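Asks: Take a look at the following structure, please.
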Amino acid sequence: MAFYFMIPLFASIFFIFLFNFLLNLFKSKKSRDLPLPPGTLGWPYIGETFQLYSQNPNVFFASKQKRYGSIFKTHILGCPCVMISSPEAAKFVLVTKSHLFKPTFPASKERMLGKQAIFFSQGQYHAKLRKLVLRAFVPEAVKSFVSNIESIAKDSLQSLEGRLITTFQEMKTYTFNVALLSIFGEDEVKYREDLKRCYYILEKGYNSMPINIPGTLFNKSMKARKELAQILAKIISTRRETKQEYNDLLGSFMGDKEGLTDEQIADNIIGVIFAARDTTASVLTWIIKYLGENPSVLQAVTDEQEAIVKGKEKCGEEQTLSWADTKKMPITSRVIQETLRVASILSFTFREAVADVEYEGYLIPKGWKVLPLFRNIHHSPEIFPDPEKFDPSRFEVVPKPNTFMPFGNGTHSCPGNELAKLEIMVLLHHLTTKYRWSMVGTNSGIQYGPFALPQNGLPIRLIRKS
Ligand code: HEM
Numbered sequence: 010m011a012f013y014f015m016i017p018l019f020a021s022i023f024f025i026f027l028f029n030f031l032l033n034l035f036k037s038k039k040s041r042d043l044p045l046p047p048g049t050l051g052w053p054y055i056g057e058t059f060q061l062y063s064q065n066p067n068v069f070f071a072s073k074q075k076r077y078g079s080i081f082k083t084h085i086l087g088c089p090c091v092m093i094s095s096p097e098a099a100k101f102v103l104v105t106k107s108h109l110f111k112p113t114f115p116a117s118k119e120r121m122l123g124k125q126a127i128f129f130s131q132g133q134y135h136a137k138l139r140k141l142v143l144r145a146f147v148p149e150a151v152k153s154f155v156s157n158i159e160s161i162a163k164d165s166l167q168s169l170e171g172r173l174i175t176t177f178q179e180m181k182t183y184t185f186n187v188a189l190l191s192i193f194g195e196d197e198v199k200y201r202e203d204l205k206r207c208y209y210i211l212e213k214g215y216n217s218m219p220i221n222i223p224g225t226l227f228n229k230s231m232k233a234r235k236e237l238a239q240i241l242a243k244i245i246s247t248r249r250e251t252k253q254e255y256n257d258l259l260g261s262f263m264g265d266k267e268g269l270t271d272e273q274i275a276d277n278i279i280g281v282i283f284a285a286r287d288t289t290a291s292v293l294t295w296i297i298k299y300l301g302e303n304p305s306v307l308q309a310v311t312d313e314q315e316a317i318v319k320g321k322e323k324c325g326e327e328q329t330l331s332w333a334d335t336k337k338m339p340i341t342s343r344v345i346q347e348t349l350r351v352a353s354i355l356s357f358t359f360r361e362a363v364a365d366v367e368y369e370g371y372l373i374p375k376g377w378k379v380l381p382l383f384r385n386i387h388h389s390p391e392i393f394p395d396p397e398k399f400d401p402s403r404f405e406v407v408p409k410p411n412t413f414m415p416f417g418n419g420t421h422s423c424p425g426n427e428l429a430k431l432e433i434m435v436l437l438h439h440l441t442t443k444y445r446w447s448m449v450g451t452n453s454g455i456q457y458g459p460f461a462l463p464q465n466g467l468p469i470r471l472i473r474k475s
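So the sequence shown is numbered by our numbering: it starts at 10 and just counts up by one.
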């Protein structure tokens, strides 16, 4: 008898399913009827990979944009892609519809950094990691590191006095040490050499072919990664024994009530070193080049920094920088902003459509890669007139929303931006007040490794002012 009462229930469930199925079919047919963005997919499988990598990638992006407009399709590294270069489209992908576009990286990078690192994660796990990372990098937290960063900057510059140096290499050592400070606090000095030895082997494999057999670069990197994880596990267990509270990134990870596993902590520490080091070092290298090429800007920055030194002399204050001093550097800040714009060291980022998405009457099919082209936006003459000119004064006016994104935008935007700006300002303070430098050789070329860099990492000679 009960069975007869169930019939209408089953029937209604069946009709709901049928209705949903037809609706999805209709929706997917409707979106599939939309045209793909303009552009070409090139040769089967190879696509346009050669065209992209046989020249400066920015020339490829710019010529495509000129031909097809601010949204176009292409095919690189075996993947169909849609590239977008308008502030509105970048906001759509990274902010307003970010749930439709997941972060995506080559599998080899995921294995090396660790698959539980913040970059690859989404949803609740990502939100939790982000909260923990931000806790360690908000201005309130970063403030406490000013004097330690200053010691690292002074020591670095002193060790380079009178020498012919490759700027990028030396800046990488500086930014590595600052990254360790932000992760392990004052303890970093104890672990610096071991971590450096392993990390320097690991990073050599970041862009290698993922072939894990003895002797390959990838294999050596994976071994170094394992050793790095063991060192981190030891540091974690030592901290657990002391039961002290720490205000650094490791302290934030370990203090989480729900707890992260040691593996999750290791993946994210290695990830933060990766995100923090070459990026900031590359920006510092560009700043040193632009200041060298623009004597009037260098003079203005030097005057601003010397005013801070003289202000302290007048009041009989100790000659150490404070957080408040870093707020008295508007010209230096504009130089940093303009460098971030002109150099646009991260020319673009990657996402992948998790569903068919309609944008401005075009279909972005599920599974396609989507690349917001930051550099094209930063070099648009409609947004930044005379875009190739290095002119920090343009930042006297705040840029329009979504037009200036050196640190990305939305849920995956850079949580380390305050630290990056602080360490750049501290180094520039000592560099401009105590040193002069001259560039050696020709410096007009750009190399990609993978960040845009002045040719040969900018060889310079650093001399102490008398
Ligand atoms: C000038 C230097 C830097 C630049 C230009 C930069 C730029 C960026 C950009 C554009 C993104 C977003 C990528 C995307 O949306 O796919 C990002 C993410 C990230 N950055 Fe930075 N970054 C810099 C320095 C740092 C530093 C110093 C740290 C750490 C101390 C850091 C940690 C991170 C992390 C953890 C993420 C991933 C965030 C997430 O997925 O939620 N970055 N960075």
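We put the CB at the ideal spot given by N, CA and C, even for glycine.
The structure presented is a predicted model; accordingly, all values stated were derived computationally and were not measured.
Distance, Cα to Cα, residue 336 vs residue 434?
Replies: As a first step, residue 336 is located in the sequence shown; it is residue number 327 there, counting from the start. As a first step, residue 434 is located in the sequence shown; it is residue number 425 there, counting from the start. The straight-line gap from Cα to Cα measures roughly 10 Å.
Asks: What separation, rounded to the nearest whole angstrom, lies between the Cα atoms of residue 389 and residue 286?
Replies: In the sequence shown, counting from the first residue as 1, residue 389 sits at position 380. In the sequence shown, counting from the first residue as 1, residue 286 sits at position 277. Roughly 28 Å separates the two Cα atoms.
Asks: Verify the contact flag: residue 343, CB atom, against every heavy atom of the ligand HEM, threshold strictly below 7 Å.
Replies: Reading the sequence shown from its first residue, position 334 is the one you call residue 343. Because no heavy atom of the ligand HEM lies under 7 Å away, the Cβ of residue 343 does not count as near it: no.
Asks: Do the CB positions of residue 141 and residue 262 come within less than 8 Å of each other?
Replies: Reading the sequence shown from its first residue, position 132 is the one you call residue 141. Reading the sequence shown from its first residue, position 253 is the one you call residue 262. Yes. Within cutoff.
Asks: Might you give, ordered along the chain, the residues of its own chain that have their beta carbon closer than 6 Å to the beta carbon of residue 126, omitting 5 neighbours on each side?
Replies: Position 117 of the sequence shown, counting from 1, holds the residue named residue 126. The residues are 276, 277 and 280.
Asks: Give me the residue from 381, 260 and 94 with the minimum Cα distance to residue 422.
Replies: Along the sequence shown, one-based indexing puts residue 422 at 413. If we check each option's Cα against that of residue 422, 381 comes out closest.
Asks: In or out: residue 350 buried (at least 16 other Cβ within 10 Å) or exposed?
Replies: As a first step, residue 350 must be located in the sequence shown, where it is residue number 341. Buried, since its Cβ has 16 or more Cβ neighbours within 10 Å.
Asks: So which of 460, 441 and 467 has the shortest CA-CA distance to residue 453?
Replies: On the sequence shown, position 444 is the one that residue 453 refers to. Among 460, 441 and 467, the Cα nearest to that of residue 453 is on 467.
Asks: If we count Cβ pairs, one from each stretch, closer than 8 Å, do we get three or more for the stretch 292 to 309 versus the stretch 323 to 333?
Replies: Verdict: no, contact absent.
Asks: Tell me, to the nearest whole angstrom, how far the beta carbon of residue 479 is from that of residue 470; I am working on the premise that it is less than 8 Å.
Replies: For the chain, the structure presents residues 10 to 475; residue 479 sits outside this window and is missing.
Asks: Is residue 401 close to the ligand HEM? I mean its beta-carbon at under 7 Å from any heavy atom of the ligand.
Replies: Taking the first residue of the sequence shown as 1, we reach residue 401 at position 392. For the ligand HEM, not one heavy atom lies less than 7 Å from the Cβ of residue 401.
Asks: Between which two residues does the alpha helix (DSSP H) holding residue 43 run?
Replies: As a working note, residue 43 is residue 34 in the sequence shown. From DSSP, residue 43 is part of no alpha helix (DSSP H); its letter is neither H nor E.
Asks: Where does residue 218 land, buried or exposed, given buried means 16+ other C-beta within 10 angstroms?
Replies: Position 209 of the sequence shown, counted from the first residue, corresponds to residue 218. Under this definition residue 218 is an exposed residue.
Asks: Looking only at DSSP bridge pairs, what is residue 273 linked to?
Replies: Stepping through the sequence shown from its first residue, residue 273 is reached at position 264. According to DSSP, residue 273 bridges with nothing at all.
Asks: Please classify residue 30: does DSSP put it in a helix, a strand, or coil?
Replies: Counting from 1 along the sequence shown, the entry for residue 30 is found at position 21. Confidence in residue 30 is poor, its pLDDT being 48 and thus under 50, which makes the residue's placement unreliable; the coordinate value appears in the next sentence. Here residue 30 sits in helix by DSSP.
Asks: Nearest-angstrom Cα distance between residue 30 and residue 376?
Replies: As a first step, residue 30 must be located in the sequence shown, where it is residue number 21. As a first step, residue 376 must be located in the sequence shown, where it is residue number 367. Bear in mind that a pLDDT of 48 at residue 30, under 50, signals an unreliable position, so the number given afterwards is only what the model happens to contain. Taking the straight line joining both Cα atoms gives about 21 Å.
Asks: List, from N- to C-terminal side, the alpha helix (DSSP H) runs of 4 residues or more that fit wholly inside the stretch 293 to 353.
Replies: Listed in chain order, they are 304 to 324, 332 to 335 and 339 to 352.
Asks: Starting from the C-beta of residue 473, find all residues in its chain whose C-beta is less than 8 Å away, skip the five residues before and the five after it, and write them out in chain order.
Replies: By one-based count along the sequence shown, residue 473 stands at place 464. These residues qualify, in order along the chain: 170, 171, 443 and 444.
Asks: CB of residue 104 to nearest heavy atom of the ligand HEM: below 7 Å?
Replies: Translated into the one-based positions of the sequence shown, residue 104 becomes position 95. No - the ligand HEM has no heavy atom lying nearer than 7 Å to the Cβ of residue 104.
Asks: Heavy atom of the ligand HEM less than 7 Å from the Cβ of residue 388, yes or no?
Replies: Residue 388 sits at position 379 when you count from the first residue of the sequence shown. Residue 388 Cβ: outside cutoff for every heavy atom of the ligand HEM.
Asks: In the DSSP output, which residue or residues are listed as bridge partners for residue 255?
Replies: Counting from one through the sequence shown, the residue named residue 255 turns up at place 246. Residue 255 is not bridged to any residue.
Asks: Taking the continuous beta strand (DSSP E) assigned at residue 82, which residues delimit it?
Replies: Here residue 82 refers to the residue found at position 73 of the sequence shown. Element bounds for residue 82: 80 to 85.
Asks: Mapping DSSP to helix, strand and coil, what is residue 461?
Replies: Taking the sequence shown and counting its residues from 1, the one referred to as residue 461 is at position 452. In this structure, residue 461 counts as strand in the three-state DSSP scheme.
Asks: In whole angstroms, what separates the C-alpha of residue 223 from that of residue 152?
Replies: Within the sequence shown, numbered from 1, the residue matching residue 223 stands at position 214. Within the sequence shown, numbered from 1, the residue matching residue 152 stands at position 143. Taking the straight line joining both Cα atoms gives about 45 Å.
Asks: On the DSSP bridge list, what partners appear for residue 423?
Replies: What you label residue 423 is simply residue 414 of the sequence shown in a count that begins at 1. In the DSSP output, where bridge partners are listed per residue, residue 423 has none listed.
Asks: Can you say whether residue 47 is buried or exposed, counting buried as having 16 or more other CB atoms within 10 angstroms of its CB?
Replies: Along the sequence shown, one-based indexing puts residue 47 at 38. By the 10 Å Cβ count, residue 47 comes out exposed.
Asks: For the structure I just gave you, are there three or more beta carbon pairs, one from the stretch 42 to 60 and one from the stretch 80 to 90, closer than 8 Å?
Replies: These segments touch.
Asks: Could you tell me whether the stretch 356 to 366 touches the stretch 103 to 118, where touching means 3 or more Cβ pairs closer than 8 Å?
Replies: Because the criterion of three Cβ pairs below 8 Å is met, the stretch 356 to 366 and the stretch 103 to 118 touch.
Asks: Of the residues 73, 158, 408 and 89, which one's Cα is nearest the Cα of residue 378?
Replies: Walking along the sequence shown from the start, residue 378 turns up at place 369. Measuring from the Cα of residue 378, the nearest candidate turns out to be 89.
Asks: Output needed for residue 130: all residues of its chain with C-beta closer than 7 Å, excluding positions within five of it in sequence on either side, in chain order.
Replies: In the sequence shown, residue 130 corresponds to position 121, counting from 1. 138.
Asks: Once the 5 residues before and after residue 59 are set aside, which same chain residues still bring their CB inside 7 Å of it?
Replies: Walking along the sequence shown from the start, residue 59 turns up at place 50. Correct list: empty, nothing qualifies.
Asks: Pull up the distance between the alpha-carbon of residue 210 and that of residue 64, whole angstroms please.
Replies: Counted from its first residue, the sequence shown places residue 210 at position 201. Counted from its first residue, the sequence shown places residue 64 at position 55. Looking at the two C-alpha atoms, the distance is approximately 29 Å.
Asks: Does the Cβ of residue 127 lie closer than 7 Å to at least one heavy atom of the ligand HEM?
Replies: As a first step, residue 127 must be located in the sequence shown, where it is residue number 118. Residue 127: yes, Cβ under 7 Å from the ligand HEM.
Asks: Kindly indicate which three-state DSSP category residue 93 falls into: helix, strand or coil?
Replies: The count along the sequence shown starts at 1 and reaches residue 93 at position 84. Strand.
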